[in-house]
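Residue numbers for the sequence shown follow this note's numbering, beginning at 1284 and rising by one. These notes are about the structure you will find just below.
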Amino acid sequence: MAPMTEDSVLRAGLADFAEKSDVSVRYRADDGRYVDTTLPRLPVSEVLSGRPVREFRSWQGRRHYSGWYWASTTGSHVVYESRLELARILLADQDPDVVGIAAQPFLLKGADGDQVRRHVPDLLLTYADGAVTVVDVKAASRVDDPKVVAQFAWTRAVCRRHGFGFEVWSGCDPVQLENVRFLAGYRRAMTVATELIEAVVDAAAEPTAITVLEQQMAAVAPPWVIRPVILHALWRSWLAADLSQALDGGTVVSAAAGGRV
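Laid out in structure tokens, this is it:
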């Protein structure tokens, strides 16, 4: 028998409930209240400013690392239940098109054939163009599990019906992730000389190695001041670089096309 995939589940009609029935949504407002609604009536802005619908707990021997991450996109903390979730949050926070991030955003509940499914997605992302994407983070070793396949097919069908995108994320290029993780250390504007950002970006109008850019700015400030500004500008995507290669002093940066400081 061929392995079950998400597409095969959808084609088989196991998720056709999305054309026939409503799905209820429960989210948690900023004041802690649980609010019940439906996806067509879901106030996305309230979800983004609210609390995680499911709280995580720590216990001795727990296999996953959980915690809170301060997101520069929102200026607030985002909860994560695993290092894999944290990695996806980091990428979202560094993405200039992402304008909203919520973790454990809501509980979906609805019929799938003769069973009732309940599912809390890992992330809700909103974009500058108005797009909304629901994200489930799952280790690559588990995405082919039949139960996981069926769950994701159901969630994708729900999202598709209501105009939301749906993404299953299992990781990315490790070099890119380490670069973004490193740049995240410079995401807070308060830690850099922000008054120099525009001058640094202007100086990189043509592709320039980081160490060369520091030398060009030497009359303005020493390298130990300029380097954090460069890294902050890379985080904010005001400067562009090839993040598939390890960052170092020889990394070539340039003012991002269409970027605004």
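Cβ atoms here follow ideal geometry from the backbone N, Cα and C, with glycine treated the same way. This structure is a prediction, so every number in the text was calculated from the model and none was measured.
_Quick check on K1430: does DSSP put it in helix, strand or coil?_
In the displayed model, K1430 falls within a helix according to three-state DSSP.
*asked:* If you reduce the DSSP assignment to three classes, tell me which class S1328 lands in.
replied: Residue state, collapsed to three classes: helix.
*Of the residues I1513, A1492, E1450, A1467, which one's Cα is nearest the Cα of T1477?*
Of all alpha-carbon atoms in I1513, A1492, E1450, A1467, the one lying nearest the alpha-carbon of T1477 is that of I1513.
*If you drop the 5 nearest sequence neighbours on each side, which residues of the same chain put their C-beta closer than 7 Å to that of K1303?*
Only weak support is given to the placement of K1303: the predicted model assigns it a pLDDT of 46, under 50, and the value that follows is read from those uncertain coordinates. Cβ-Cβ distances below 7 Å link K1303 to nothing in the same chain once the five nearest sequence neighbours on each side are left out.
*Span of the beta strand (DSSP E) holding V1402?*
Reading off the sequence shown, one finds His at residue 1402, where the question assumed Val. Segment 1398-1402, the beta strand (DSSP E) holding H1402.
*Per DSSP, G1350 forms a beta bridge with which residues?*
Note: G1350 sits in a beta bridge opposite Y1363.
*Q1434 burial status per 10 Å Cβ neighbour count (16 or more: buried)*: Using a 10 angstroms sphere on the CB of Q1434, the tally of other CB atoms reaches 16 or more, which defines it as buried.
*For the stretch 1496-1512 and the stretch 1400-1411, state whether three or more C-beta atom pairs, one from each stretch, are separated by less than 8 Å.*
Result no; under three Cβ-Cβ pairs closer than 8 Å.
*Of the choices R1337, L1322, I1384, whose alpha-carbon is the least far from that of R1316?*
Relative to the Cα of R1316, the nearest Cα in the group R1337, L1322, I1384 belongs to R1337.
*asked:* With three or more C-beta pairs closer than 8 Å as the rule, is the stretch 1462-1479 touching the stretch 1500-1514?
replied: In short, these stretches touch, since the Cβ pair count reaches three.
*Can you give me the Cβ contacts of P1490 inside the same chain, cut-off strictly under 6 Å, excluding the 5 residues immediately before and after it?*
Correct list, in chain order: V1535, S1537.
*Skipping 5 residues on each side, what residues in its chain have a beta carbon closer than 8 Å to that of D1456?*
Same-chain partners within the cutoff: S1527.
*Report the partner residues of Y1317 according to the DSSP bridge assignment.*
Bridge pairing for Y1317: R1311 [DSSP].
*Delimiting residues of the beta strand (DSSP E) encompassing W1452*: For W1452, the uninterrupted beta strand (DSSP E) run begins and ends at 1448-1452, by DSSP.
*Whole-angstrom C-beta distance between Q1387 and V1362, which should lie under 8 Å*: Contact between V1362 and Q1387 holds, since their C-beta atoms are separated by about 6 Å, short of 8 Å.
*Excluding sequence positions up to five away, which residues of its chain have a Cβ less than 8 Å from the Cβ of G1448?*
Result list for G1448: A1414, V1415, T1416, V1417, C1442, in chain order.
*asked:* Tell me the rounded alpha-carbon separation between R1401 and A1472.
replied: Going from the Cα of R1401 to the Cα of A1472 covers about 40 Å.
*Helix or strand or just coil, what does DSSP make of R1334?*
Reduced to three states, the DSSP call for R1334 is strand.
*asked:* Spatial neighbours of W1351 within its chain, please: C-beta separation below 6 Å, excluding the five flanking residues on both sides.
replied: If we look at W1351 and ignore the five residues flanking it on each side, its Cβ neighbours are H1360, V1362.
*Which first and last residues belong to the alpha helix (DSSP H) in which L1496 is found?*
Residues 1493-1499.
*Based on Cα-Cα distance, which residue from D1313, A1312, L1322, V1420 lies nearest to V1306?*
Nearest C-alpha to V1306: L1322.
*Would you call the CB atoms of D1376 and S1349 closer than 8 Å?*
No. Outside cutoff.
*Would a check of beta-carbon distances place L1369 closer than 8 Å to chain D?*
No chain D is part of this structure, which consists of one protein chain only.
*Which residue from I1509, V1399, I1372, L1522 puts its Cα closest to that of A1539?*
With distances taken between Cα atoms, A1539 lies closest to L1522.
*Between R1510 and V1484, what straight-line distance do the alpha-carbon atoms span, to the nearest angstrom?*
So the alpha carbons of these two residues sit roughly 12 Å apart.
*Using CA coordinates, which residue listed in E1364, N1462, D1427, M1500 is at the minimum distance from D1525?*
The shortest Cα separation from D1525 among E1364, N1462, D1427, M1500 belongs to N1462.
*asked:* What does the alpha-carbon distance come out to for the pair L1293 and V1382?
replied: At L1293 the pLDDT is 45, less than 50, meaning the model places this residue with poor confidence; the figure from the coordinates comes in the next sentence. For L1293 and V1382, the distance between alpha carbons rounds to 31 Å.
*Excluding the 5 residues preceding and the 5 following G1533 in the sequence, name in chain order all residues of the same chain whose CB lies nearer than 8 Å to its CB.*
Excluding positions up to five away in sequence, the list reads A1492, I1493, T1494.
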